[in-house]
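Number of protein chains: 2
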Amino acid sequence: MLDVAYEREVEAALRSKDVAELSSLLADITPKEASRLMARMGLQQRALFYRTLPKEVAAETFDELDPAVQADLVSGLRVPGVAEVFEGMEPDDRAELLDELPASVASRMVANLSEGERELTGIVLGYPEDSIGRRMSPELIILRPTMRVASAIAEIHKHLDDAESIYTLPVVEEDRRLAGVVSLRDLLRADGRAEVSTLMQEPDLAVAHEAAEEAARRCADRKRLALPIVDTEDRLVGLLTVDDALRILEEADSEDQARMGGSEPLRRPYLATPVLEIVKSRVVWLLVLAIGATLTVQVLERFEDTLATMVVLSLFVPLLIGTGGNTGNQAATTVTRALALGDVRPGDVLKIVFREARVGILLGVLLGSLGFLIAGFVYGWDIGTVIGLTLVSICTVAATVGGVMPLIGKKLGIDPAVFANPFITTLVDATGLIIYFLIAKSVLGI
Amino acid sequence: MLDVAYEREVEAALRSKDVAELSSLLADITPKEASRLMARMGLQQRALFYRTLPKEVAAETFDELDPAVQADLVSGLRVPGVAEVFEGMEPDDRAELLDELPASVASRMVANLSEGERELTGIVLGYPEDSIGRRMSPELIILRPTMRVASAIAEIHKHLDDAESIYTLPVVEEDRRLAGVVSLRDLLRADGRAEVSTLMQEPDLAVAHEAAEEAARRCADRKRLALPIVDTEDRLVGLLTVDDALRILEEADSEDQARMGGSEPLRRPYLATPVLEIVKSRVVWLLVLAIGATLTVQVLERFEDTLATMVVLSLFVPLLIGTGGNTGNQAATTVTRALALGDVRPGDVLKIVFREARVGILLGVLLGSLGFLIAGFVYGWDIGTVIGLTLVSICTVAATVGGVMPLIGKKLGIDPAVFANPFITTLVDATGLIIYFLIAKSVLGI
Numbered sequence: 167m168l169d170v171a172y173e174r175e176v177e178a179a180l181r182s183k184d185v186a187e188l189s190s191l192l193a194d195i196t197p198k199e200a201s202r203l204m205a206r207m208g209l210q211q212r213a214l215f216y217r218t219l220p221k222e223v224a225a226e227t228f229d230e231l232d233p234a235v236q237a238d239l240v241s242g243l244r245v246p247g248v249a250e251v252f253e254g255m256e257p258d259d260r261a262e263l264l265d266e267l268p269a270s271v272a273s274r275m276v277a278n279l280s281e282g283e284r285e286l287t288g289i290v291l292g293y294p295e296d297s298i299g300r301r302m303s304p305e306l307i308i309l310r311p312t313m314r315v316a317s318a319i320a321e322i323h324k325h326l327d328d329a330e331s332i333y334t335l336p337v338v339e340e341d342r343r344l345a346g347v348v349s350l351r352d353l354l355r356a357d358g359r360a361e362v363s364t365l366m367q368e369p370d371l372a373v374a375h376e377a378a379e380e381a382a383r384r385c386a387d388r389k390r391l392a393l394p395i396v397d398t399e400d401r402l403v404g405l406l407t408v409d410d411a412l413r414i415l416e417e418a419d420s421e422d423q424a425r426m427g428g429s430e431p432l433r434r435p436y437l438a439t440p441v442l443e444i445v446k447s448r449v450v451w452l453l454v455l456a457i458g459a460t461l462t463v464q465v466l467e468r469f470e471d472t473l474a475t476m477v478v479l480s481l482f483v484p485l486l487i488g489t490g491g492n493t494g495n496q497a498a499t500t501v502t503r504a505l506a507l508g509d510v511r512p513g514d515v516l517k518i519v520f521r522e523a524r525v526g527i528l529l530g531v532l533l534g535s536l537g538f539l540i541a542g543f544v545y546g547w548d549i550g551t552v553i554g555l556t557l558v559s560i561c562t563v564a565a566t567v568g569g570v571m572p573l574i575g576k577k578l579g580i581d582p583a584v585f586a587n588p589f590i591t592t593l594v595d596a597t598g599l600i601i602y603f604l605i606a607k608s609v610l611g612i
Numbered sequence: 167m168l169d170v171a172y173e174r175e176v177e178a179a180l181r182s183k184d185v186a187e188l189s190s191l192l193a194d195i196t197p198k199e200a201s202r203l204m205a206r207m208g209l210q211q212r213a214l215f216y217r218t219l220p221k222e223v224a225a226e227t228f229d230e231l232d233p234a235v236q237a238d239l240v241s242g243l244r245v246p247g248v249a250e251v252f253e254g255m256e257p258d259d260r261a262e263l264l265d266e267l268p269a270s271v272a273s274r275m276v277a278n279l280s281e282g283e284r285e286l287t288g289i290v291l292g293y294p295e296d297s298i299g300r301r302m303s304p305e306l307i308i309l310r311p312t313m314r315v316a317s318a319i320a321e322i323h324k325h326l327d328d329a330e331s332i333y334t335l336p337v338v339e340e341d342r343r344l345a346g347v348v349s350l351r352d353l354l355r356a357d358g359r360a361e362v363s364t365l366m367q368e369p370d371l372a373v374a375h376e377a378a379e380e381a382a383r384r385c386a387d388r389k390r391l392a393l394p395i396v397d398t399e400d401r402l403v404g405l406l407t408v409d410d411a412l413r414i415l416e417e418a419d420s421e422d423q424a425r426m427g428g429s430e431p432l433r434r435p436y437l438a439t440p441v442l443e444i445v446k447s448r449v450v451w452l453l454v455l456a457i458g459a460t461l462t463v464q465v466l467e468r469f470e471d472t473l474a475t476m477v478v479l480s481l482f483v484p485l486l487i488g489t490g491g492n493t494g495n496q497a498a499t500t501v502t503r504a505l506a507l508g509d510v511r512p513g514d515v516l517k518i519v520f521r522e523a524r525v526g527i528l529l530g531v532l533l534g535s536l537g538f539l540i541a542g543f544v545y546g547w548d549i550g551t552v553i554g555l556t557l558v559s560i561c562t563v564a565a566t567v568g569g570v571m572p573l574i575g576k577k578l579g580i581d582p583a584v585f586a587n588p589f590i591t592t593l594v595d596a597t598g599l600i601i602y603f604l605i606a607k608s609v610l611g612i
């Protein structure tokens, strides 16, 4: 474990560029500790740090870093030994790094690879970004259904050093079509003379072109240590191991959370991301939302006379639209998560409208009664009536709209998290204001 | 795979309570398909469905369900064969189910367990809720450092049927203190006469009282198939397997997302949750936020004269506080996620204030310039100046507050997601309004 005092000393040595001090501090560091420290540094410090690492630690440290951070090291700065490290990477990790690199650097690095590794990388790079084909491992131990258990175990023994997974093993026919999977546990338990086919289970699998997140979620839901990946003709092309599935899910959840919060996900750890990158990840969203919010200015302008007659109405504007936004966000968040987990599908739209409308009415009646009582008591019962009725209407509309938006996003092929939360506030704000003033005008007779 | 037509038929049979039709439809269903269908049903339909399942499928289906859904089946309705199913569950899954059951039902079920299973359940239940001790598996294969590899493999062979993990094996001293772990892969690769101690690696581990989410995140980050769990004296008490870690992380992320959206997480799949439960998960938050929002009413009341003099000022209220809320939420979401992933720590508060203040000023200057130009052009340059200056100030305050709130939450031991996002809007709304009117008064001289 790293202690804070040690970290401070490293930071001080980096700041003063004291290489001698730094290299004595880093003499006994492990690759995991080094990568954790690097996740907390700016670009320049990271390069100095990496160059000062003991040589045998540097390669493994590189493997532990996020692809965008690896790319920083490779492209910006001449780091020694990169070619060797690149040669030693898993093909799927290598493909991720290549995605982050400028094209010229990427092609130069691929050209320097050995033929075998270049071929494996080519398989992975042949699939579209965000597909599971990009994230699978093409290095496999392959068994045949007619093999005896003893020779299957011998085959596994041969590949103990290089195969990514030895615990879940795909079984394929002569034409590479996937026949099933066997677990090492079942092989060890069985009689050596039994046929592999008698131990085969029907596999949960994924097609290489499928979205990476869906395949990873399946691996997790079915509690598999690995998922065979096949092409459209059902031929085995790779394997997704659970540790890679975990990383994919963690990225997907980070992405969803960022977008629900109205920003683009960062590609590096927070403290390793330059301030300008953070600004970039947020500014477009903020602008889009601010432009959307000019709708509210226009709505209010329409009702400017009403506002001038009854200034008291303007007091409740933030409270009412805030409550609408909250109700809409609650519904959208719930449905977005249910979509991600596969609990609902776009086809469930009517079920969801019906549920959320009921939820919204109930919430509206609860909040509206309170609003009626409190506002009525303080500002008079006509104002109370306006506030109460507005809350009921806004909550109903907001919950329904909030529940449906993620489904529409999914249907249109847009990330539900993007489509739903950030826009709900804007939409519900404008609609809520119209409802508010229409109710006010009819109740107050102005 | 389930097709939609089949699902419709099942739903129709459930609605009409046609048991004969239903049982012919369910004759060939697999446990996984059954559990997926059950995640989409209300309480009554679920009970009828479960009772109609073929007996051999029912037990496995039960294992696949969420604990709250299991509890519905056990406590509400007399489902046959529950005692056998309960006896066959993993101790950690059993503990989760018990947490969901009314105390009387829970203690009756524990009383009916066999002695061995009752003891294992007791170990798990001895740890606090939300600790990793509750979610670990206490059924272990244990190796000793002085064992020969051949006898270690023989020991594994003996437990192929009952141990939860055979791929990562803890090695303990005489006094049960954890010495290290070995992988089955390394055992298979080694000479049978070698000592286990020569293959041992230093383990990533967790202490049983640690938060379940932290331990699970560690298992994922370090890419381990299993993490040994020790007590405070470093003695081995259980193992966390990666599939359980995955479930814990999925729950934690669902919880974070729900709370960022301002509601409590649901304990059942969305379509299986009664409407009243959904209302309950949201109403408290909505109320708290609405009460918080009365602050804005009070602020506006303070400035009622200003508003009456310049009604045009009220037009920009939703836009300004909306932008403040968005900026704050962006910062809070980023920092909350960084905290969850371990990229930042509460001690980083100054670093974060400094970063977010810079991000906020930059965003504010960008939006403020635009606001100045547009509002100035339409409503006159003095109004433009007010809007521009207000946007700069609000963005700076909102980003800084938004970045710091999750850290304060963490320090106070409150879920950062709870503490941050839902409250930021409220806080930033009120502060933003004060800033707005103070700037307006001084620029416009009213």
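As they're listed, the protein sequences go chains A and B.
The first sequence begins at 167 in this note's numbering and counts up by one.
The second sequence begins at 167 in this note's numbering and counts up by one.
Note that beta-carbon positions come from the ideal geometry of N, C-alpha and C, so glycine has one too.
The beta strand (DSSP E) with residue i in it runs from where to where?
{"i": "isoleucine 574/B", "result": "Unbroken run through isoleucine 574/B is the alpha helix (DSSP H), 547-577; no beta strand (DSSP E)."}
{"i": "alanine 329/A", "result": "Unbroken run through alanine 329/A: none, as it is neither H nor E."}
Could you give the DSSP three-state label for residue i: helix, strand or coil?
{"i": "isoleucine 601/A", "result": "helix"}
{"i": "leucine 344/B", "result": "strand"}
{"i": "leucine 264/B", "result": "helix"}
{"i": "alanine 378/B", "result": "helix"}
{"i": "alanine 320/B", "result": "helix"}
{"i": "valine 463/B", "result": "helix"}
{"i": "proline 336/B", "result": "strand"}
Taking 7 Å as the threshold (beta carbon to beta carbon), is residue i in contact with chain A?
{"i": "isoleucine 487/B", "result": "yes"}
{"i": "valine 348/B", "result": "no"}
{"i": "alanine 225/B", "result": "no"}
{"i": "arginine 301/B", "result": "no"}
{"i": "threonine 472/B", "result": "no"}
{"i": "serine 480/B", "result": "yes"}
{"i": "valine 373/B", "result": "no"}
{"i": "arginine 314/B", "result": "no"}
{"i": "leucine 532/B", "result": "yes"}
{"i": "valine 176/B", "result": "no"}
{"i": "valine 248/B", "result": "no"}
Comparing the C-beta of residue i with each C-beta of chain B, is any distance below 7 Å?
{"i": "glycine 598/A", "result": "no"}
{"i": "threonine 398/A", "result": "no"}
{"i": "proline 435/A", "result": "yes"}
{"i": "glutamine 423/A", "result": "yes"}
{"i": "lysine 389/A", "result": "yes"}
{"i": "arginine 212/A", "result": "no"}
Could you work out which residues of chain A lie near residue i, taking near to mean beta carbons separated by less than 8 Å?
{"i": "proline 484/B", "result": "Ala459, Thr462, Val463, Leu466, Val483, Pro484, Ile487, Asp595 and Leu599"}
{"i": "leucine 529/B", "result": "Val445, Arg448, Val449 and Leu452"}
What residues from chain A crowd round residue i, counting only those whose CB sits closer than 7 Å?
{"i": "histidine 323/B", "result": "Leu354"}
{"i": "tyrosine 333/B", "result": "Tyr333"}
Once the 5 residues before and after residue i are set aside, which same chain residues still bring their CB inside 7 Å of it?
{"i": "arginine 434/B", "result": "Asp232, Ala234 and Val235"}
{"i": "alanine 372/B", "result": "Ile298, Ala381, Arg384, Leu393, Ile395 and Leu406"}
Identify the contact partners of residue i in chain B, using a Cβ-Cβ distance below 8 Å as the criterion.
{"i": "glycine 427/A", "result": "Met426, Asn495, Gln496, Ala498, Thr499, Thr500 and Asn587"}
{"i": "glycine 513/A", "result": "Val170"}
{"i": "leucine 455/A", "result": "Gly488, Thr489 and Asn492"}
Quick one: what's got a C-beta closer than 6 Å to residue i's C-beta in the same chain, skipping five residues either side?
{"i": "glycine 554/A", "result": "Gly534, Gly537 and Phe538"}
Between which two residues does the alpha helix (DSSP H) holding residue i run?
{"i": "glycine 282/B", "result": "281-291"}
{"i": "alanine 178/A", "result": "170-181"}
{"i": "isoleucine 414/A", "result": "408-426"}
{"i": "proline 431/A", "result": "Careful: proline 431/A lies outside any alpha helix (DSSP H) and carries neither H nor E."}
Anything in chain B within Cβ reach of residue i, meaning under 9 Å, just list it in chain order.
{"i": "arginine 260/A", "result": "Residues of chain B passing the Cβ test: none, with the nearest at roughly 17 Å."}
Within the present structure, is the beta-carbon of residue i separated from the nearest heavy atom of the ligand PLP by less than 6 Å?
{"i": "lysine 198/A", "result": "In the structure shown, the ligand PLP is absent, as is every other ligand, since no ligand is present at all."}
Run through chain B and tell me which residues come within less than 7 Å of residue i, C-beta to C-beta.
{"i": "leucine 326/A", "result": "Arg351, Leu354 and Arg355"}
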